[in-house]
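K.L.:
Residue numbers (numbering that gives the first Met the number 0), protein chains in the order written: chain A, 0 to 495; chain B, 0 to 107.
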Amino acid sequence: MAGTFSPTIRPVLPGVYTRYEAAKRTTLPPAPGGIVAVPFTNDWGPLDSPQLLSSFAQFEQLYGDTPNTPGRKAVYGAFQGEGLEGFGGASGVLAVRFAGTTAAKATISVNNPAAAPAIRFDALYEGSRANTLKIVTGPIVANTQEVSVLDGTVEVESFTFLTNVAPALATLAATVNASSDWVRATVLVEGVTGLIAATSALAAGNDGSALVAADWTAVLPLFDNDDFAFFAPFDVPWASGAGAPEVATRAIAASIVGWTQAQNDLGHRFTTVTGGALGEIVADCVARSQAIANENVITVGSPGVDDEQFGSMSSSQLVPRVAGIFAQRGEGRAAHFARLAGTALRLTTGGTTYSTSEHETLVAAGVVSLQRDRYQVAPVRIVKSVNTYVADAALKPRAVYGNPKFMLSMQQFANDAEAEIEREMVGKTVVSNATREAAAARVLRLAQGRESNGAFQPGTIVTPRAGSDDDEFVDLDVTIAFGRALAQLFIHGKVR
Amino acid sequence: MPDDEQKQATSRPQRARTAPTPAEQPPEAAVAVATDAAPAPPAEETIPVAYLIPRAEALLGVPSWELQGALVAAQVTDEQITVSAAKAAVESFNPMRAPSSQDLSEEA
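So this is what it looks like as structure tokens:
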């Protein structure tokens, strides 16, 4: 019973001494298979900078808490997923805020006692969120002046500086710029008389939410180098109309689909989720799926929903939420019957709902449609998990390539195998039979992990092919049978 | 003076009063027009869109996916397209691809 000890003042008596320290908490990043990547516009937050968020609280810290911004709807939806106990959404969101050319930082200049603009305060980020900020300069007391930043009527930051020590304003600006979470300061005219006592409101902050094709072509490559399983471009409502807005949106959607395929071809594997306009009819959903026709792209088809938090939402605005559902269901489960809690289905522009036969048409056309049923807790649900690949080529059957669960498994299995072999073996081992066996064992272990979670059926076979040790590669044959998620149950009743 | 030259000399005032139609122009006048004008460029070859898209990076200097969006924006439905028409579609889709924009951004 020697008790605790101090390494600097060592105990006198012999014995075993024990002490404990709190270790830094380890935060594991979300696994790539559960990450949804979301580009969005917003009224605050870093622009054009990918941020991996592991909770919605992180979104609010970085991007603010303004209700109903596109960014909030998108990221909330991705994390929300089904919104039911045990059935949420993405485990992580790779967020990128972007903006059109009208984006601007809110700004204000504060005068010195000579009525000349002496220092300018710019919002830290572009966007209208900062239009609620005010700079309050207090009176000079004993050569000291206080400058406060108010968010509406709440003081969020305060700085003091000596007005009689040159360079007074430069010192103030340096203090502000080193620590402010809201503004950056630029000295316009230096002086030793401080600033006038006043309240000055920042103005002219602009979200830049009017996006054109060039904005999308600029943001897509920002996602090129990060791992995620689903890409969810918020609010790109593909519609079949001949008007200029419809054509422009279809063009953006086409470039997103083209980029998705190009990235998958390069080994950056993921699935993109797309959607349509509010009130869309079945023909539009089908036309969209036919125009996309890609095993790496899912399209949601629905007139949209009324969301209890965000109001009306089109299927293209539900894209992050649906992507979150797919991410949460993962490789082991399908998204059939996944619920969208807190929503009610809207009607089409013609005032109708989709009929059962229209849902059958949509499933056949590769559309993830939304249907209402009698389940009271969350009556809106996904009908069937399908993607837009409906061709049935001999070497590329729809039964495999048209199934998002299987596609996710193929993408993530290849990603994992690449990552492990590149990290552990490429460049580090010589070509030999031992290397062939070692590579096969590593790939088999990755497959067996998937067998245990239902992604693969048991019995994956990995066989190294015979080859020459004079070559710089080895070949593996891998035979996989995907686990099938239950879609139908037939009850053969006998009644008397 | 040969007979031919006499005929031309006497006919000149009449030509000066009214501009001749192309059909009325003597052969030598037609030759003069053709020599003054720049030679007509050869018709640009059209290539299959399906061939162009995967080679957009090499032929147009843009990613294939950007060309795909540009073709939808330009409502190109033909299976064949010229490189210059594809370039124009890309520059319209993304004005940052226009040469003037690139010059400006390089200067900046």
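Yeah, the Cβ is synthetic: ideal placement off N, Cα and C, and Gly gets one too.
Note down, in chain order, every chain B residue with its Cβ under 7 Å from the Cβ of Arg249/A.
P.N.:
What you label residue 249/A is simply residue 250 of the first sequence in a count that begins at 1. Ordered by position in chain B, the residues that pass the 7 Å Cβ test against Arg249/A are Val71.
K.L.:
If I follow the unbroken beta strand (DSSP E) through Ile297/A, where does it start and stop?
P.N.:
The residue you call residue 297/A lines up with position 298 of the first sequence. Looking at the DSSP string, the run of the beta strand (DSSP E) that includes Ile297/A is Val296 to Gly300.
K.L.:
If you reduce the DSSP assignment to three classes, tell me which class Trp39/B lands in.
P.N.:
In the second sequence, the residue the question calls residue 39/B occupies position 40. The question names Trp, but residue 39/B in the sequence shown is Ala. Correct three-state label for Ala39/B: coil.
K.L.:
For chain A, is any of its Cβ atoms less than 8 Å away from the one on Glu65/B?
P.N.:
Here residue 65/B refers to the residue found at position 66 when the second sequence is read from its first residue. Glu65/B counts as touching chain A.
K.L.:
What are the partner residues of Thr106/A, as DSSP defines its beta bridges?
P.N.:
As a working note, residue 106/A is residue 107 in the first sequence. DSSP output for Thr106/A lists Asp121/A and Ala202/A as bridge partner(s).
K.L.:
Is the Cβ-Cβ distance between Pro49/A and Leu93/A less than 8 Å?
P.N.:
Numbered from 1 along the first sequence, position 50 holds the residue referred to as residue 49/A. Numbered from 1 along the first sequence, position 94 holds the residue referred to as residue 93/A. Contact: yes.
K.L.:
Strictly below 7 Å CB to CB, what residues from chain B border Gly257/A?
P.N.:
Within the first sequence, the letter at position 258 stands for residue 257/A. Simply Ser63, Trp64, Gln67 and Gly68.
K.L.:
Taking the alpha carbon of Ser384/A as the point to measure from, which residue in Glu421/A, Leu394/A and Gly331/A has its own alpha carbon closest?
P.N.:
Stepping through the first sequence from its first residue, residue 384/A is reached at position 385. Nearest of Glu421/A, Leu394/A and Gly331/A to Ser384/A, Cα basis: Gly331/A.
K.L.:
Going by the CB atoms, is the gap between Ser254/A and Gln113/B shorter than 8 Å?
P.N.:
Within the shown structure, residues of chain B are numbered from 0 to 107, placing residue 113/B beyond reach of any answer.
K.L.:
Alpha carbons only, please: which of Asn402/A, Arg483/A, Ala197/A and Val494/A is nearest the one belonging to Glu450/A?
P.N.:
As a first step, residue 450/A must be located in the first sequence, where it is residue number 451. Here the closest residue by C-alpha is Arg483/A.
K.L.:
Could you confirm whether any beta carbon from chain B is found closer than 8 Å to the beta carbon of Val246/A?
P.N.:
Working through the first sequence from its first residue, we reach residue 246/A at position 247. True, the Cβ-Cβ gap to chain B drops below 8 Å.
K.L.:
Would you tell me roughly how many angstroms separate the C-alpha atoms of Ile118/A and Gly274/A, rounded to the nearest one?
P.N.:
Here residue 118/A refers to the residue found at position 119 of the first sequence. Here residue 274/A refers to the residue found at position 275 of the first sequence. Straight-line Cα distance between these residues: approximately 47 Å.
K.L.:
Under the three-state reduction of DSSP, which class applies to Met424/A: helix, strand or coil?
P.N.:
Walking along the first sequence from the start, residue 424/A turns up at place 425. Correct three-state label for Met424/A: coil.
K.L.:
Note down, in chain order, all residues in the segment 357–380 of chain A with a beta-carbon under 7 Å from any beta-carbon belonging to chain B.
P.N.:
For the segment 357–380 of chain A, which is checked against every Cβ of chain B, not one residue is closer than 7 Å.
K.L.:
Find the nearest neighbour of Arg320/A within the set Tyr75/A, Thr352/A and Thr65/A, judged by alpha-carbon distance.
P.N.:
On the first sequence, position 321 is the one that residue 320/A refers to. Arg320/A has its Cα closest to that of Tyr75/A, out of Tyr75/A, Thr352/A and Thr65/A.
K.L.:
Where do the ends of the beta strand (DSSP E) carrying Ser311/A lie?
P.N.:
Here residue 311/A is taken as the residue at index 312 of the first sequence, counted from 1. First-last of the beta strand (DSSP E) with Ser311/A: Gly310 to Met312.
K.L.:
Does chain C have any CB closer than 8 Å to the CB of Pro98/B?
P.N.:
Reference to chain C is not applicable here, since the protein chains of this structure are A and B.
K.L.:
Anyone know if the C-beta pair for Val146/A and Thr136/A falls short of 8 Å?
P.N.:
The sequence position of residue 146/A within the first sequence is 147, counting from 1. The sequence position of residue 136/A within the first sequence is 137, counting from 1. Yes.
K.L.:
Cβ of Thr459/A within 8 Å of Cβ of Leu443/A?
P.N.:
Taking the first sequence and counting its residues from 1, one reaches residue 459/A at position 460. Taking the first sequence and counting its residues from 1, one reaches residue 443/A at position 444. Yes; because the gap between Cβ atoms is below 8 Å, this pair is in contact.
K.L.:
Spatial neighbours of Thr101/A within its chain, please: C-beta separation below 7 Å, excluding the five flanking residues on both sides.
P.N.:
Residue numbering aside, residue 101/A sits at position 102 when the first sequence is read from its first letter. Here the set comprises Asn205, Gly207 and Ala209.
K.L.:
What does Pro94/B reach in chain A if we use C-beta pairs closer than 7 Å?
P.N.:
Taking the second sequence and counting its residues from 1, the one referred to as residue 94/B is at position 95. By Cβ distance, chain A contributes Ala213.
K.L.:
Would you mind stating whether Leu46/A and Ala105/A have Cβ atoms separated by less than 8 Å?
P.N.:
As a first step, residue 46/A must be located in the first sequence, where it is residue number 47. As a first step, residue 105/A must be located in the first sequence, where it is residue number 106. Cβ distance not < 8 Å, so Leu46/A and Ala105/A don't count as in contact.
K.L.:
The ligand NAD heavy atoms versus the CB of Ala213/A: any closer than 7 Å?
P.N.:
This structure lacks the ligand NAD, and indeed carries no ligand of any kind.
K.L.:
In this structure, what does DSSP give as the bridge partners for Gly91/A?
P.N.:
Position 92 of the first sequence, counted from the start, is the residue given in the question as residue 91/A. Paired residue(s): Ile34/A.
K.L.:
If contacts are defined as beta-carbon pairs under 8 Å, then His358/A and Ala486/A qualify, I think. What distance do you get, rounded to the angstrom?
P.N.:
The count along the first sequence starts at 1 and reaches residue 358/A at position 359. The count along the first sequence starts at 1 and reaches residue 486/A at position 487. About 14 Å; that fails the 8 Å criterion.
K.L.:
With a Cβ-Cβ cutoff of 8 Å, do Val37/A and Phe309/A count as a contact?
P.N.:
Translated into the one-based positions of the first sequence, residue 37/A becomes position 38. Translated into the one-based positions of the first sequence, residue 309/A becomes position 310. Against a cut-off of 8 Å, the Cβ pair of Phe309/A and Val37/A comes out as no contact.
K.L.:
Within a Cβ cutoff of 6 Å, which residues of the same chain sit near Ala333/A, ignoring the five residues on either side of it in sequence?
P.N.:
Working through the first sequence from its first residue, we reach residue 333/A at position 334. Hits under 6 Å: Ser384, Lys404 and Ala484.
K.L.:
In its own chain, which residues sit with a C-beta less than 7 Å from the C-beta of Arg328/A, not counting the 5 before and 5 after it?
P.N.:
Indexing the first sequence from 1 puts residue 328/A at position 329. Counting only Cβ-Cβ distances below 7 Å, and skipping sequence neighbours, we find Ala334 and Ala337.
K.L.:
Rounded to the nearest angstrom, how far is the Cβ of Ala231/A from that of Ala340/A, given a contact under 8 Å?
P.N.:
Counted from its first residue, the first sequence places residue 231/A at position 232. Counted from its first residue, the first sequence places residue 340/A at position 341. Not quite, the Cβ-Cβ distance comes to about 18 Å (not below 8 Å), so this is no contact.
K.L.:
Considering Cα atoms alone, identify which of Val299/A, Gly87/A, Thr143/A and Phe86/A is closest to Thr192/A.
P.N.:
Counting from one through the first sequence, the residue named residue 192/A turns up at place 193. It is Thr143/A.
K.L.:
I'd like the span of the alpha helix (DSSP H) that includes Phe55/A, first residue to last.
P.N.:
The sequence position of residue 55/A within the first sequence is 56, counting from 1. Note, Phe55/A: alpha helix (DSSP H), Phe55 to Tyr62.
K.L.:
Assess, as a yes-or-no matter, whether the segment 80–89 of chain B is touched by the segment 54–68 of chain B under the definition of 3 or more beta carbon pairs within less than 8 Å.
P.N.:
Yes, the segment 54–68 of chain B touches the segment 80–89 of chain B.
K.L.:
Take Ser91/B and list the residues in its own chain whose beta-carbon comes closer than 8 Å to its own, dropping the five residues that flank it on each side.
P.N.:
In the second sequence, counting from the first residue as 1, residue 91/B sits at position 92. Ala69, Ala72 and Ala73.
K.L.:
I believe Val246/A touches Thr270/A by the beta-carbon criterion, under 8 Å. Please report the beta-carbon distance rounded to the nearest angstrom.
P.N.:
Translated into the one-based positions of the first sequence, residue 246/A becomes position 247. Translated into the one-based positions of the first sequence, residue 270/A becomes position 271. Incorrect: roughly 26 Å between the Cβ atoms, too far for contact.
K.L.:
In chain A, which residues lie with their C-beta within 8 Å of the C-beta of Gln74/B?
P.N.:
Within the second sequence, residue 74/B is the residue found at index 75, counting from 1. By Cβ distance, chain A contributes Val246.
K.L.:
Keeping to the same chain, check which residues put their C-beta closer than 7 Å to that of Val473/A; ignore five residues upstream and five downstream.
P.N.:
Counting from one through the first sequence, the residue named residue 473/A turns up at place 474. The residues are Val430, Thr434, Arg435, Ala438, Pro463 and Gly466.
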